[in-house]
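For the sequence shown, my numbering gives the first residue as 3, with consecutive numbering after it. Glycine is no exception: its CB is placed at the ideal position from the N, C-alpha and C atoms. Remember, predicted model here, so these are calculated numbers, not experimental data. For reference, the structure is listed below as structure tokens.
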Amino acid sequence: MASTAPKTTGKLTDTEPTVRLTVAQATVRFLAHQYVEHDGQQHKFFAGCLGIFGHGNVAGIGQALLQDEIDAAEASTEPGLKYVLGRNEQAMVHTAVAYARQQDRHRAWAVTASVGPGSTNMLTGAALATVNRLPVLLLPSDTFATRVSSPVLQELELPDSGDVTVNDAFKPLSRYFDRVWRPEQLPAALLGAMRVLTDPAETGAATVALPQDVQAEAFDWPESLFAERTWHIARPLPEPSVIARAAEMVRAARKPLIVAGGGVIYSDANNALAEFASQTGIPVSESQAGKGSLLHGHPQSVGAVGSTGTTAANALAGDADVIIGIGTRYSDFTSASRTAFNNPDVRFININVASLDSVKQGGISVVADAREAIESLSAAVGDFRVSDEYRTRVDELATEWNATVSDVCRADDGQPLNQNQVIGLVNTLSDPRDVVVCAAGSMPGDLHKLWRTRDRKGYHVEYGFSCMGYEIAGGIGVRMAAPDRDVFIMVGDGSYLMMATELVTAVQEGVKVIPVLVQNHGFASIGGLSESLGSQRFGTSYRYRSEDGRLAGDKLPVDLAANAASLGADVIRATTAAEFCDAVKAAKASDRTTVIHVETDPLTYAPDSHSWWDVPVSQVSTLASTQSAYARYVDWKKVQRPLVNPSDR
Ligand SMILES: Cc1ncc(C[n+]2csc(CCOP(=O)(O)OP(=O)(O)O)c2C)c(N)n1
Ligand SMILES: [Mg+2]
Numbered sequence: 003m004a005s006t007a008p009k010t011t012g013k014l015t016d017t018e019p020t021v022r023l024t025v026a027q028a029t030v031r032f033l034a035h036q037y038v039e040h041d042g043q044q045h046k047f048f049a050g051c052l053g054i055f056g057h058g059n060v061a062g063i064g065q066a067l068l069q070d071e072i073d074a075a076e077a078s079t080e081p082g083l084k085y086v087l088g089r090n091e092q093a094m095v096h097t098a099v100a101y102a103r104q105q106d107r108h109r110a111w112a113v114t115a116s117v118g119p120g121s122t123n124m125l126t127g128a129a130l131a132t133v134n135r136l137p138v139l140l141l142p143s144d145t146f147a148t149r150v151s152s153p154v155l156q157e158l159e160l161p162d163s164g165d166v167t168v169n170d171a172f173k174p175l176s177r178y179f180d181r182v183w184r185p186e187q188l189p190a191a192l193l194g195a196m197r198v199l200t201d202p203a204e205t206g207a208a209t210v211a212l213p214q215d216v217q218a219e220a221f222d223w224p225e226s227l228f229a230e231r232t233w234h235i236a237r238p239l240p241e242p243s244v245i246a247r248a249a250e251m252v253r254a255a256r257k258p259l260i261v262a263g264g265g266v267i268y269s270d271a272n273n274a275l276a277e278f279a280s281q282t283g284i285p286v287s288e289s290q291a292g293k294g295s296l297l298h299g300h301p302q303s304v305g306a307v308g309s310t311g312t313t314a315a316n317a318l319a320g321d322a323d324v325i326i327g328i329g330t331r332y333s334d335f336t337s338a339s340r341t342a343f344n345n346p347d348v349r350f351i352n353i354n355v356a357s358l359d360s361v362k363q364g365g366i367s368v369v370a371d372a373r374e375a376i377e378s379l380s381a382a383v384g385d386f387r388v389s390d391e392y393r394t395r396v397d398e399l400a401t402e403w404n405a406t407v408s409d410v411c412r413a414d415d416g417q418p419l420n421q422n423q424v425i426g427l428v429n430t431l432s433d434p435r436d437v438v439v440c441a442a443g444s445m446p447g448d449l450h451k452l453w454r455t456r457d458r459k460g461y462h463v464e465y466g467f468s469c470m471g472y473e474i475a476g477g478i479g480v481r482m483a484a485p486d487r488d489v490f491i492m493v494g495d496g497s498y499l500m501m502a503t504e505l506v507t508a509v510q511e512g513v514k515v516i517p518v519l520v521q522n523h524g525f526a527s528i529g530g531l532s533e534s535l536g537s538q539r540f541g542t543s544y545r546y547r548s549e550d551g552r553l554a555g556d557k558l559p560v561d562l563a564a565n566a567a568s569l570g571a572d573v574i575r576a577t578t579a580a581e582f583c584d585a586v587k588a589a590k591a592s593d594r595t596t597v598i599h600v601e602t603d604p605l606t607y608a609p610d611s612h613s614w615w616d617v618p619v620s621q622v623s624t625l626a627s628t629q630s631a632y633a634r635y636v637d638w639k640k641v642q643r644p645l646v647n648p649s650d651r
């Protein structure tokens, strides 16, 4: 019954029936009733809630999740919000983000953490989600809104500010941030977070900080807050006049090149892109997030572009007069730090849902869904075809690169494997629909160059943030999103040591993943980078400190295979190609998480990209190695172009 008292503090409605719940219970109930609709399909948005409890959430969100689980068990239904316990808050965000990526951003997780370090552990995950434009709802716990017990355990307590808490650090890392000081604010905060999470142009980390006293506080909520709510995931249409201008530019192009980014995959524009490429003959290169936009073997596929690109894509990029960027944010790796697109007259057409990306490189800005825009552009370019001469050049370059890859990946039985061979073997022995996951080290670049993608969701390298430690946690998220695919997690020893702990979560949840642990006793990637920049691999290998005080002694006696086994995983050690093949077959046949441990030589590199990445070198030094690296750096800087010329000229 509606009360006769006027609507004041402590009330949201006089006209609707209400239900009395804590803020945490209301949050869980609300999240369980959020749906999305895309292309006529409708389903729940949240797969569940990952969490680690401590003070702040144990009796708030924790109590609410418990009640949800018990209510569901009694009613013989699924919980509204399934709870999964992780080992590290950063890792839980990685799992959530990887899941969302595998699901084309159509499903997501909430992540709850306790006050203080539990919450700040999620900061890296927040940045990773926002940089990669992937949805995750973060629910950090906050210190008391009432402050009656301040300073509480893990409270920041600044001398000059009463309302700042450690969770303010989420603000620049989140696409949406709110703190619920009072229960009345909860509906607006949750609705605001949902809007951002389900908007392809805005999505990223959405953070709703929940003070510990507020989480536990009871309130009379309007029942409508818990109604099933469906958020439409939009496909914004391009403006016809903009498409006409873009088509005119394409029709005038002699050497056009497409740069496909993650947006192609999220928009499920793969078939549209394949048809457009076949119809026009325009070659397609791919960024890291865009790998899989056009499958390997398509006649117009020239593979990775940029700092870790193929010689084919990079040669074409260097000459291209029109670049059609689709769903790409043009990271420095994609543009080879603005040296890849080096035709003095190059012009850009940028198709992107986010205006931030669509205006980059001075390009014509087509703010639209990738699939819609490709289809419109395809119709608008009419009978345009690239010349036979250009088509032949594309063919020759792609064939040459393919031969290079086959050559470096060939494994001769009996010899210890190098990293190219490990990648080649995983590629050949995995099923086309299996997923390869990676994030940091030397393998992302090598995978970008060498991996032959056979399924639009078969390649998952987190390279927006390239976060060491993402691999295992992320691989778990991928497998949870795609339980019918095997997930091969390529993880270096450095990344493994940073965050191996989620193997325990994989075992707990029965989520089977296949980590391929590449042991090279340190940082092949940064070692190589250091050497190329004149810093002599300083501090990049895992060695005892030697008598001269340097980290140059023998290899450390770490046994990461034994470590993985101690966390509950099955482990197979492989040295030769034959052993590695057997290991992959056994891992695929098993229903348990199986780590394949392989030692490789950090000094064997993937074939060169004929490309560059801008990492500044010391301008003065007494070391000859640094001086010569600086001279090389200055040479590359000469060809770096700002790429801000307006394309519409
Ligand atoms: C969290 C984090 N810290 C530091 C870095 C910088 N970094 C990039 S790769 C790398 C070394 C990775 O070592 P490993 O996993 O063994 O791969 P390898 O280089 O040997 O292939 C480092 C330190 C990073 N990307 N992420
Ligand atoms: Mg390593």
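Is residue i near ligand 2, with its Cβ less than 7 angstroms from a heavy atom?
| i | result |
| --- | --- |
| D495 | yes |
| F525 | yes |
| G443 | yes |
| N522 | yes |
DSSP three-state call for residue i: helix, strand or coil?
| i | result |
| --- | --- |
| A563 | helix |
| P346 | coil |
| T122 | helix |
| Q105 | coil |
| Y461 | strand |
| M3 | Unreliable positioning characterises M3 in this predicted model, as indicated by a pLDDT of 46, which lies under 50. A coordinate reading is not provided. |
| C411 | helix |
| S143 | strand |
| A370 | coil |
| S592 | coil |
| K257 | coil |
| V304 | strand |
| H450 | helix |
| Y37 | strand |
| W233 | strand |
| V636 | helix |
| V439 | strand |
| I284 | coil |
| N647 | coil |
| H612 | coil |
Using a threshold of 7 angstroms, is the CB atom of residue i nearer than that to any non-hydrogen atom of ligand 1?
| i | result |
| --- | --- |
| M674 | Only positions 3 to 651 of the chain appear in the structure, and residue 674 is not among them; the question remains open. |
| G42 | no |
| S468 | yes |
| I72 | no |
| G471 | yes |
| P517 | no |
| P604 | yes |
| I474 | no |
| I54 | no |
| I683 | Any property of residue 683 remains undetermined from this structure, which presents the chain solely from 3 to 651. |
Looking at C-alpha atoms only, which residue of the options is the closest neighbour of residue i?
| i | options | result |
| --- | --- | --- |
| R456 | L296, V117, E504 and F343 | L296 |
| D215 | A207, T148, N273 and I260 | T148 |
| N352 | A342, A338, D334 and V324 | V324 |
| Y37 | A229, Q92 and A128 | A229 |
| S623 | D616, V617 and Y632 | Y632 |
| S287 | R31, A262, A591 and L87 | A262 |
| M94 | D106, V113, P648 and Q156 | V113 |
| G365 | R393, R331 and W615 | R331 |
| A413 | A338, A322 and N422 | N422 |
| M470 | G524, R256 and M251 | G524 |
| Q104 | Y498, A26, D270 and T596 | D270 |
| D610 | G206, G530 and G82 | G530 |
| A203 | L136, M251 and E159 | L136 |
Per DSSP, what are the beta-bridge partners of residue i in this structure?
| i | result |
| --- | --- |
| E601 | Q521 |
| W223 | V21 |
| T209 | L140 and F179 |
| L52 | V86 and V113 |
| N354 | V369 |
| Q642 | Per DSSP, none; premise fails for Q642. |
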